[in-house]
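Everything below concerns the one structure shown next.
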Amino acid sequence: MPELPEVETVRRGLLSAMDGEIIKSVDVNRPDLRWPFPDKMKQRLDGQRIRGLRRRSKYILVDLDSGETLIIHLGMSGRMQVSGIEVAGFYREHSPAEKHDHVVFHMQNGARVTFNDPRRFGAMDIGDTATLENHKLLRVIGPEPFGNEFNETYLIEMLKTKTAPIKSALLDQRIVAGLGNIYVCEVLFRTGISPKKPAKSIGERKVKNLVPTIRDVLSEAIDAGGSSLQDHRQTDGQLGYFQHNFAVYDRENQPCLKAGCKGTIRRITQSGRSSFFCSQCQR
712 MPELPEVETV RRGLLSAMDG EIIKSVDVNR PDLRWPFPDK MKQRLDGQRI
762 RGLRRRSKYI LVDLDSGETL IIHLGMSGRM QVSGIEVAGF YREHSPAEKH
812 DHVVFHMQNG ARVTFNDPRR FGAMDIGDTA TLENHKLLRV IGPEPFGNEF
862 NETYLIEMLK TKTAPIKSAL LDQRIVAGLG NIYVCEVLFR TGISPKKPAK
912 SIGERKVKNL VPTIRDVLSE AIDAGGSSLQ DHRQTDGQLG YFQHNFAVYD
962 RENQPCLKAG CKGTIRRITQ SGRSSFFCSQ CQR
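First residue of the sequence shown? That's 712 in our numbering, and the numbers climb one at a time after it.
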């Protein structure tokens, strides 16, 4: 599942093709993805100028002149590919239509943005921009990790009564938006915290250290174009490469990379997900 860095990478890749531009027409090639598309989706998008592209947690938000916002979730295998326009110095020709090209945006500037999703776990919906924070998909999401509301005082308060393991607490989108399995593993390694440790038992010093470390890990991943393990591609089709910087994720039985540590990376299962960590230097 794409996490915050992958979604942010896609959002940035869409800017040159869509930001401030007019949607000439939209091809909606099936009635649904993970759930049915909103009523009259094509009619509500055709001819609209895009006022801006934002991200909220793992959702891309496309604000329209109509006062509505298109909400896009990539799901497990969703990709948005840009063609017909130069992006970052490269020009990508329009390719022939593929089987899983479910929604295609034809932009007035000549760009084409294609949403391709073989597994169809992605989703699109439309909501009123002015009240979007109350939309069913967004209303329970916690603060953004780069925002001012996510700070040391806030995180200490949120974790002080949590009996769940810290790994589970940081994956809770109600506590902090956009974090997923990969980046929580990397954050906990850098802060020397075991993923098994109850959140409420972590000292304030280490909790405070989590905030800048979360931001550092996410920033580095965004700069690297995200992590491409299976399906993630940038809008120009290129892979992300942060996976080459993993210290623990997907490194089971390999040596710990921390200087002076002789431990090896272990994998355990927590709430159905793999956690990777060094039992020697993460306590």
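The C-beta atom is built at its ideal place from N, Cα and C for all residues, glycine as well. Only a predicted model underlies this, so the values are computations on that prediction, with no experimental measurement involved.
- When the beta-carbon positions are compared, residue 826 and residue 787 stay at least 7 Å from each other.
- DSSP, reduced to helix, strand and coil, places residue 735 within a strand of the structure shown.
- The stretch 849 to 903 is shown to contain whole alpha helix (DSSP H) runs of 4 or more residues at 863 to 870, 877 to 882, 892 to 902, in chain order.
- Taking 7 Å as the cut-off, the beta carbon of residue 880 is found no closer than this to the beta carbon of residue 796.
- Closest in alpha carbon position to residue 895, among 824, 807, 988, 914, is 988.
- Remark: C-beta atoms of residue 991 and residue 904 do not approach each other more closely than 7 Å.
- The stretch 848 to 864 makes no contact with the stretch 804 to 812; the number of CB pairs closer than 8 Å stays below 3.
- DSSP places residue 815 in the uninterrupted beta strand (DSSP E) bounded by 812 to 818.
- Judged by DSSP secondary structure, residue 777 falls outside any beta strand (DSSP E); it is assigned neither H nor E.
- By a beta-carbon distance limit of 8 Å, residue 906 contacts residue 877. Their separation comes to about 6 Å.
- A Cβ-Cβ contact shorter than 7 Å links residue 774 with residue 763.
- Membership of residue 754 in any beta strand (DSSP E) is not indicated; the residue belongs instead to the alpha helix (DSSP H) covering 752 to 756.
- For the pair residue 859 and residue 978, the Cα-to-Cα distance works out to about 34 Å.
- The stretch 738 to 746 and the stretch 824 to 841 touch, with no fewer than 3 CB-CB distances between them shorter than 8 Å.
- In terms of Cα proximity to residue 771, the closest of 803, 716, 734, 820 is 716.
- For residue 839, the pairing in a beta bridge is given by DSSP as 779.
- In this structure residue 892 is buried. Its beta-carbon is surrounded by 16 or more other beta-carbon atoms within 10 angstroms.
- For the stretch 914 to 992, the continuous alpha helix (DSSP H) assignments of 4+ residues that do not extend past its boundaries occur at 915 to 934, in sequence order.
- Using a Cβ distance threshold of 7 Å, residue 922 and residue 897 do not count as a contacting pair.
- Note that the C-beta distance between residue 932 and residue 768 is not below 7 Å.
- Of 828, 924, 976, the smallest CA-CA separation from residue 813 is found for 828.
- The residue among 753, 732, 861 with its C-alpha nearest the C-alpha of residue 739 is 753.
- Secondary structure at residue 729: helix, using DSSP grouped into helix, strand and coil.
- Out of 718, 755, 954, the CA that lies nearest to the CA of residue 839 is found in 755.
- DSSP places residue 792 inside the beta strand (DSSP E), whose first and last residues are 790 to 794.
- In this structure, DSSP gives residue 716 a helical state, which the three-state scheme calls helix.
- Beta-carbon to beta-carbon, residue 913 and residue 819 are separated by about 52 Å, too far to satisfy the 8 Å threshold.
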